[in-house]
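Colleague:
Now the structure itself:
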């Protein structure tokens, strides 16, 4: 079977002609009733052929759309006759005349649906083997097959459209930032390894054997140095690299819209960030985002939504009920640091199986189980109801506004776990119950993040954003006395429950930077070795500065409605970080390694 | 001394204030007589301070320029008094009133030279240690010191300007290509190693131990795959990587304006390439490039200029004189494959020492020596004149249009050497004699390159551009019979003697691509292993396509007049491929290497 189509394809190659002096006049998404009577030249792929009433019809496809093309023996007998070789995905150029489709044959789903082009002459530009999957949006091929033949996958209208939207979004960003005085400045890819947060990708140096470059996790240090360099406003659509085990929505390389500004405070950076997003959503998908964006403090987000990137497209908030039930007979409540409830309006119809699934789900976030109460007409149906006194029931009813038909979920324990478990449960139930309007775009700022977070395992503070984030001006002195209390000058932009951007005002004073390293338990020597050049730079007249970085891939997912990050990247990697098309990574010649002064470690077999 | 300035700087830190609600109203390059009387807020660096007549003058500098700022005790006594702490490169914000400079004090060299701003209030935003070199264009610091303190070097107006021009050029390119239907599509950095031409930078894979990614030498294969994918018109400002020993004007990472188009021939690609360059030169430095560009075949370029990137800003052409002198008594001429002359008008005054220098110079290109003749009033002064008959002298005089006062240089031997030696000699003499108008921008196309070049050492053909370049349509059949004769569908854009761009129509037929690999002596298995995915792709309906890539760094050098590529890149590497600021590359922790499954090779001491 395979053989046969290859044979036919080879046989048909004799019909291939060079382009010669043929020049395209229109794309396949352009011709309408306005163009009837015009002589046109179109080029593209044969999407679909059907023979009907002695005529041959081809849907000719290019990046932009489809045009119906007709080969008629009355128009050009030879052209019609050779058109019999045409098969799916053959490449052709046609000259023809635009005419209206016959009465009743118009297709209102297509821009070009009112017309067809009757062929006066044509050239076969290339043949094609039978493709391993059909070039159409409703597609059942496995993702691995699609990735191996990515050049065919990208021909599908939806993926082609994603690439077009990505381009338009990037252009919109660049225009906006250019108009606002930002310079796009390219920072190096071969940089210094400063393991901090994620794992670096390393690049062995041949000239300096035994030494390594690292691919940048972000241009953070370079953009701050550009501010010290007086560049004032910098941006870059920067590729970033993190060698982490990949989750479903991660890629080893991803793109960041990276911005930095001098002589500004948090308000000015946020105004630019909002402006950028507003312009992008307006220009690319004609959605108006609010001006200004609503804001929420980190405390409020954690309190009501349990996560620092609240999805505000639906209500159903978390509520602290510690004071109401902490004296109950339910043992778990008595000892808990925090007890929160998630009341679900009209959720009392959930089956036992659904509740079991949700219980499994919250375990991902460290929960041991999931307490629940169904509010029925005559009773509270619940494994824990018996532990609750009348007063506690009344307290819950009032606090949570409970009504017959609701279900309430509870989580008790350490605050981190309670918030994560219920916050994510909220999202899951919101999705399950169809509470989310997927056409809505809800954007907001989350502000006043803590500067540091306590790492209980390592018994030390980590920087919540990164170690260059400035403390809130009112909290600078706390850095030395009570670091855990310090708020930061950091802000995240959240859209539909995704953190699409985040930034901060940076430390521009070398003494404060040293205090910060001290609070993070980074010794003077270590700080010097890793970030000496930054500490130096801060001593030579660093201006106040701050910035923001957006995840471009995530923004494009929201703009296109794509479900997978792999659908918005031209040549993505699998979760094993491989490219199925080129088969990267691959083994390399020993001479290449020898030149680099490295060798493979023997595999230890255990 | 060092101690003292650090002490003062630390002492002065107590004056530092936060920005608060101060917002800049203007840049330091904006205020003119039009603004007199306005209240403004400026921020920047103290470029220079002088105290005069009880007043303190500061040249306040930002990315864009300078504004003179005056602290006067009459305006605000306290502000004036604290201003005494101000030192070079301190960062400050001032509120003030624009006023004309006093009679006779205007500085016509500055945009802001007619005005000054008298300070009503100010804030110290940061102090600075004494910089290791002065922030000014006439600079005598070593390049290594400048690279170590790159964030100070970039404050110099010339370098800041280079970054601004680079940004504007990149924006101009993107707008032009966007308007012409190109999509900017990002291709991967973690790709497959296909050693071909230059050496790859490798990235060890942690997830797939023993395997390596390569950083792209160019997105060549991906852009062709994007054409197979129907993307129609692609571009990218793409970082490219080559692990080569660095010459003065090379960097291990550099930026390419990378374009590819479907359904076009050479003329259409060249039209886009010209349009892009014309728009860039017009928009960025207001220079008009010709429409269309002049063209020269590769044969003509080699014949007249000896190089494939002729500098046409001056005449003084190479001339083949083989037929005139090949029978002379000069032994070297008798056996030479090619004899060429370079007549230099009015060059007879060159000293023996100058000629000796030029003789040394041509040896770089493989020449053994340099024959010359000075045309004097009464004689031909020359070591070789005695070997030339009257007829040969008459022949040379006529062929070369020799006149008294000229000098002629000769080179005889293999064509490659003769052309390289005389072609580069021409450039050297043109520069020495001031024949080059450095304000001129001369752009042209060189076309009809040979497809293959013979590698005498390896006794095989190499691709002159790359193995995907299409043969000239008229020469396709020669590929199997006489590959050395095949012209290619390739073209270079040359400006002022630099190859700023190059491209070709690509092979879009898998059979022709296989013939090409055969001509290059790349076996079927090797071709399959390295480029199997491309060969596959060509069988699934690849459209005719071609493209062009420009060296952005080189273009910016021409636009800015920079002499070094390091002056147009924000954070360049040295010729040892190191970054003196961050000290990359560096050693890394053994645990990092262990995770990657590699180790350092023991150094073999010989």
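Residue numbers (this note's numbering), protein chains in the order written: chain A, 31 to 636; chain C, 31 to 636. Idealized CB from N, CA, C, for every residue including glycine.
(1) Mapping DSSP to helix, strand and coil, what is residue 231(C)?
(2) Please state the DSSP three-state secondary structure of residue 89(A).
(3) Is it the case that the stretch 191-205 of chain C contacts the stretch 207-219 of chain A, given that we only count it when at least three CB pairs across the two stretches are under 8 Å?
(4) Could you tell me which residues DSSP puts in a beta bridge with residue 575(A)?
(5) Excluding the 5 residues flanking residue 623(C) on each side, which residues of the same chain have their C-beta closer than 8 Å to its C-beta?
(6) Kindly indicate the opening and closing residues of the alpha helix (DSSP H) around residue 325(A).
(7) Pull up the distance between the alpha-carbon of residue 316(C) and that of residue 199(C), whole angstroms please.
(8) Select from the stretch 559-570 of chain C all residues with a C-beta closer than 7 Å to any C-beta belonging to chain A, and list them in chain order.
(9) Work out the CA separation of residue 42(A) and residue 159(A) for me, nearest whole Å.
(10) For my contact list, residue 474(A) and residue 494(A) are in at a C-beta cut-off of 8 Å; report their separation, rounded to the angstrom.
(11) Would you mind telling me which residues of chain A sit closer than 7 Å to residue 574(C), beta carbon to beta carbon, in chain order?
(12) Measure the alpha-carbon distance for residue 444(C) versus residue 599(A) and round it to whole angstroms.
(13) At what residues does the alpha helix (DSSP H) containing residue 682(C) begin and finish?
(14) What does the alpha-carbon distance come out to for the pair residue 470(A) and residue 375(A)?
(15) Are residue 286(A) and residue 498(A) closer than 8 Å when you measure CB to CB?
(16) Taking 8 Å as the threshold (beta carbon to beta carbon), is residue 84(C) in contact with chain A?
(17) Would you kindly work out how many angstroms separate the C-alpha atoms of residue 636(C) and residue 189(A), rounded to a whole number?
(18) Check whether chain C comes within 8 Å of residue 158(A), counting only Cβ atoms and requiring the distance to be less than that.
(19) Counting pairs of beta carbons, one from the stretch 534-550 of chain A and one from the stretch 559-579 of chain A, are three or more of them closer than 8 Å?
(20) Can you tell me whether residue 110(A) is buried or exposed, with buried defined as 16 or more other CB within 10 angstroms of its CB?
(21) Is there contact here, the stretch 239-246 of chain C with the stretch 290-304 of chain C, by at least three beta-carbon pairs under 8 Å?
(22) Can you give me the Cβ contacts of residue 258(C) inside the same chain, cut-off strictly under 6 Å, excluding the 5 residues immediately before and after it?
(23) Have a look at residue 388(A) and residue 412(A) and give me their C-alpha separation to the nearest angstrom.
(24) For a test of the three-state rule: what should DSSP assign to residue 537(A), helix, strand or coil?
(25) Which whole runs of the beta strand (DSSP E) in the stretch 50-131 of chain C are 3 residues long or more, in chain order?
(26) Could you check whether the Cβ of residue 314(C) sits closer than 8 Å to any Cβ belonging to chain A?
(27) Counting only beta-carbon separations shorter than 8 Å, does residue 286(A) have a partner in chain C?
(28) I believe residue 130(C) touches residue 63(C) by the beta-carbon criterion, under 8 Å. Please report the beta-carbon distance rounded to the nearest angstrom.
(29) I'd like to know whether the C-beta of residue 618(A) is nearer than 8 Å to at least one C-beta of chain C.
(30) Quick check on residue 43(A) - is its C-beta less than 8 Å from some C-beta in chain D?
(31) I believe residue 372(A) touches residue 439(A) by the beta-carbon criterion, under 8 Å. Please report the beta-carbon distance rounded to the nearest angstrom.
(32) Is residue 328(C) buried or exposed, if buried means 16 or more other CB atoms sit within 10 Å of its CB?
(33) Check the Cβ-Cβ distances between residue 503(C) and every residue of chain A, and say whether any is below 8 Å.
(34) Looking at the C-beta of residue 221(C), does it have a partner C-beta in chain A at a distance below 8 Å?
(35) Are residue 248(A) and residue 579(A) closer than 8 Å when you measure CB to CB?
(36) Does the contact criterion of 3 or more C-beta pairs under 8 Å hold for the stretch 505-513 of chain A versus the stretch 523-537 of chain A?
Modeller: Reading off the structure:
(1) coil
(2) strand
(3) yes
(4) 292(A)
(5) 629 and 630
(6) Per DSSP, residue 325(A) belongs to no alpha helix (DSSP H); it is in the beta strand (DSSP E), 325-327.
(7) 12 Å
(8) 563, 567, 569 and 570
(9) 11 Å
(10) The Cβ separation is near 19 Å, so there is no contact.
(11) 49 and 155
(12) 51 Å
(13) Past the boundaries of the shown model lies residue 682(C); chain C is included only from 31 to 636, so the question cannot be answered.
(14) 21 Å
(15) no
(16) no
(17) Since pLDDT at residue 636(C) reaches only 45, below the 50 mark, its modelled position is unreliable, and no value is offered.
(18) yes
(19) yes
(20) buried
(21) no
(22) 567 and 572
(23) 15 Å
(24) coil
(25) 69-82, 85-91, 96-101 and 121-130
(26) no
(27) no
(28) 6 Å
(29) yes
(30) Protein chains A and C are contained in the structure displayed, whereas chain D is not.
(31) 5 Å
(32) buried
(33) yes
(34) yes
(35) yes
(36) no
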